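Participant: Shown below is the structure under consideration.
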Ligand code: ATP
Ligand code: MG
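Numbering (this note's numbering), first residue to last: 7 to 589.
What follows is the structure, encoded as structure tokens:
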């Protein structure tokens, strides 16, 4: 059994034992705790036995892998229990939102393999109903216009242990509130000069009940509603009601909304009756080591040119991971492995990488590429001869078949695969030593050519002609096997190697400017990589390959005719699996 907290660096020292026991119980049922709540509600016949979830992104940035965890929950639970899932854009702040983000978000959800069908909604669809509710609450004495500055309002809020102070505008007559709220919406007042607040309880234990702001003035036109509105609802006044208007039954979100839940319920109660009421359930966010996930910080990296855009393969955005070569199934497997719990955790990026390797190992086509080439000359091989060697396209998948690789007198091999004076356990190429060339002959090194500075310019070897596939010496074993590419037919490509974007494990926990924590060596461009001709002919943007002995790679959209660009998705060495075996 895998525990739901596999791969988490638990940062909360004192978990409650009961909670852990509960998680394990849930895991044995095959359902996570959110799904278990849903099942119970369905079995109890709540909301007429309906299940409707929603994914509510704010279109103010691109989706990242944290959002994938929420999407997999929202759409996944709906699929599992035969319900529906809405996509609702939470477009309540025209200052930060853009259609570019709307389109990107749709694309990324589809890429993950989910679809909202005809259930595409916008919070801005509900502005009229939200307005009506606000007016009703004013009339019932439950809301008032406050003319204080936001600093003043914050000062009066009190602290969790000290009650707040009432605003001097709290007891304004209903008529005056109505008149001012309407004037606010006509644009008669400046941004920040007044807000509409709910009149609840300035000494409540829950800070969110201390007369929360319902509406603020924003004069930037909205991309959908134009300049119809000059007041816009706050998240807390929009979210629960939008759920209600749409018929959402389970509003699943992350743990930071736990203290908002009573307010969610307070506003929804203004609308709901016994027959239907949405329910908010919270799970832990996905946090990754060596990664920042805050949209504000990701936007800053893009705007300041610290990365090459939202889809830079070093970014944790879904479009970045896609460009890097990560697959939807790898992301889903990772999310299943870390699980959904009720306590915050920091997840190891190595576990995500492990999931990526596992998926690509099963599916990626094996090819030969030499990233740091040096010429190998086979002196006893005829000069005008070319043979065709057959290479398994994927030993994990017999259906993948084989592909052809030309072989002749001059080959490219890795410079690192040769040592003139090797240490004892070096089984690759060195003078007098034998190695097998992958899928071809055993060769014995006879010497090297050097330039006047002593740099090696070519390596010489002799072929043992009896050792090719199908010949008597084919099974002869030697310790080292090297990959190679035939010189006359090799194609030169560009490869972009990536390392972690941040050089510290938990950048969000560090003091100071997060930009100072960027890894200066996170991108390395190799201009001189030699690949086999079959790859150059067959590679299409987005395809996945394993370069033998080097790692997994994917074709970048920057590729043009005659100039292929590959992104290194991930190396072959699985530090996660290794740690697990040890531990
Ligand atoms: P913002 O600070 O702009 O609100 P956000 O990351 O919360 O940023 P939203 O667009 O509001 O962005 O997020 C949409 C949904 O995705 C929310 O329900 C949110 O709880 C969920 N979500 C966001 N980040 C994560 C994360 N790291 N792990 C799991 N779910 C997340
Ligand atoms: Mg949010």
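Even glycine gets a Cβ: it sits at the ideal position worked out from N, Cα and C.
Just so it is clear, the structure is predicted and the values come from calculations on it, not from any experiment.
Could you tell me whether the stretch 279 to 295 touches the stretch 340 to 355, where touching means 3 or more Cβ pairs closer than 8 Å?
Facilitator: The stretch 279 to 295, when compared against the stretch 340 to 355, does touch it at the 8 Å Cβ threshold.
Participant: Could you give the first and the last residue of the continuous beta strand (DSSP E) run that contains residue 259?
Facilitator: Here the beta strand (DSSP E) through residue 259 covers 256 to 260.
Participant: Name the two residues that bound the continuous beta strand (DSSP E) containing residue 115.
Facilitator: Per DSSP, residue 115 belongs to no beta strand (DSSP E); it is in the alpha helix (DSSP H), 105 to 118.
Participant: Answer yes or no: do residue 464 and residue 451 have a C-beta to C-beta separation smaller than 8 Å?
Facilitator: Cβ atoms of residue 464 and residue 451: not closer than 8 Å.
Participant: Can the beta-carbon of residue 379 be found closer than 8 Å to that of residue 536?
Facilitator: Their beta carbons are under 8 Å apart, which means residue 379 touches residue 536 by this criterion.
Participant: Below 8 Å between beta carbons: does that hold for residue 202 and residue 294?
Facilitator: No, they are not a contact pair.
Participant: I want to check one thing, is the minimum distance from the CB of residue 72 to the heavy atoms of the ligand ATP below 7 Å?
Facilitator: For the ligand ATP, at least one heavy atom lies less than 7 Å from the Cβ of residue 72.
Participant: What do you get for residue 569, buried or exposed, if any count of 16 or more other CB atoms within 10 angstroms of its CB means buried?
Facilitator: That one is exposed.
Participant: Helix, strand or coil for residue 134? Go by DSSP, reduced to three states.
Facilitator: Looking at residue 134 - three-state DSSP - the assignment turns out to be helix.
Participant: Across which residues does DSSP place residue 435 in a beta bridge pair?
Facilitator: Answer by DSSP bridge pairing, in chain order: 424.
Participant: Suppose the cutoff is 6 Å on Cβ atoms and the five residues either side in sequence are ignored; what does the same chain contact list for residue 562 look like?
Facilitator: Once the five neighbours on either side are set aside, the close Cβ partners of residue 562 are 571, 573.
Participant: Between 361, 488, 144, which has its C-alpha nearest residue 176's C-alpha?
Facilitator: That would be 144, whose Cα lies nearest to the Cα of residue 176.
Participant: Would you decide whether residue 575 is buried or exposed? Buried here means 16 or more other CB atoms lie within 10 Å of its CB.
Facilitator: Answer is buried; the Cβ neighbour count reaches 16.
Participant: If you reduce the DSSP assignment to three classes, tell me which class residue 536 lands in.
Facilitator: Correct three-state label for residue 536: strand.
Participant: Suppose the cutoff is 6 Å on Cβ atoms and the five residues either side in sequence are ignored; what does the same chain contact list for residue 171 look like?
Facilitator: The answer, listed in chain order, is 162.
Participant: Could you tell me the distance, in whole angstroms, from the CA atom of residue 599 to the CA atom of residue 501?
Facilitator: Residue 599 is absent from the model: the chain starts at 7 and stops at 589.
Participant: Where residue 28 and residue 42 are concerned, what is the direct C-alpha to C-alpha distance, given to the nearest angstrom?
Facilitator: Because residue 28 carries a pLDDT of 49, less than 50, the predicted location of this residue cannot be relied on, and the following value inherits that uncertainty. Each residue's alpha carbon lies about 11 Å from the other.
Participant: Please work out which residues of its chain come closer than 8 Å, Cβ to Cβ, to residue 542, disregarding the five sequence neighbours upstream and downstream, and give them in chain order.
Facilitator: Excluding sequence neighbours, residue 542 sits near 497, 499, 570.
Participant: Counting beta carbon pairs with one atom in the stretch 421 to 438 and one in the stretch 503 to 513, are three or more of them shorter than 8 Å?
Facilitator: Flag = no, the stretch 503 to 513 and the stretch 421 to 438 do not touch.
Participant: Can you round the beta-carbon distance between residue 94 and residue 140 to whole angstroms, since I take them to be within the 8 Å contact cut?
Facilitator: Residue 94 to residue 140, Cβ: 20 Å. No contact.
Participant: Kindly provide the ranges of any beta strand (DSSP E) runs that are 3 or more residues long and lie completely inside the stretch 195 to 278, ordered along the chain.
Facilitator: If we require 3 residues or more, the beta strand (DSSP E) runs fully inside the stretch 195 to 278 come out as 201 to 204, 219 to 223, 237 to 239, 256 to 260.
Participant: Going by DSSP, name the residue or residues bridged to residue 502.
Facilitator: Note: residue 502 sits in a beta bridge opposite 531, 573.
Participant: Bridge partners for residue 44 per DSSP, in chain order?
Facilitator: DSSP lists no partner for residue 44.
Participant: Less than 6 Å between C-beta atoms, sequence neighbours within five positions excluded: which residues of the same chain meet that for residue 479?
Facilitator: Contacts found: 472, 473.
Participant: Give, in chain order, every unbroken run of the beta strand (DSSP E) that is at least 3 residues long and sits entirely within the stretch 42 to 84.
Facilitator: Counting whole runs of 3 or more residues, the stretch 42 to 84 contains the beta strand (DSSP E) stretches 58 to 61.
Participant: Of all the options 331, 470, 62, which has the alpha carbon lying nearest to the alpha carbon of residue 112?
Facilitator: It is 62 whose Cα lies nearest to the Cα of residue 112.
Participant: Can you determine whether any heavy atom of the ligand ATP sits closer than 7 Å to the C-beta of residue 291, and answer yes or no?
Facilitator: Checking the Cβ of residue 291 against the ligand ATP gives yes.
Participant: In angstroms, rounded to a whole number, what distance separates the CA positions of residue 71 and residue 334?
Facilitator: Approximately 10 Å, taken between the alpha carbons.
Participant: Find the nearest neighbour of residue 214 within the set 235, 195, 240, 228, judged by alpha-carbon distance.
Facilitator: Nearest option by C-alpha distance: 240.
Participant: Answer yes or no: do residue 425 and residue 413 have a C-beta to C-beta separation smaller than 8 Å?
Facilitator: Their beta carbons are not under 8 Å apart, which means residue 425 does not touch residue 413 by this criterion.
Participant: Is the beta carbon of residue 257 sitting closer than 8 Å to the one on residue 132?
Facilitator: No, the pair does not count as a contact, with Cβ atoms beyond the cut-off.
Participant: Give the range of the beta strand (DSSP E) segment to which residue 440 is assigned.
Facilitator: 440 to 443 is the extent of the beta strand (DSSP E) around residue 440.
Participant: At a threshold of 7 Å, does residue 58 count as lining the ligand ATP (C-beta to nearest heavy atom)?
Facilitator: Flag unset: Cβ of residue 58 not near the ligand ATP.
Participant: Taking Cβ positions, are residue 243 and residue 273 nearer each other than 8 Å?
Facilitator: Yes, they are a contact pair.
Participant: Taking only three categories from DSSP, how would you classify residue 370?
Facilitator: Residue 370 falls in the coil class under three-state DSSP.
Participant: Is the number of C-beta pairs between the stretch 215 to 231 and the stretch 117 to 127 that are closer than 8 Å three or more?
Facilitator: Counting Cβ pairs under 8 Å, fewer than three are found: no touch.
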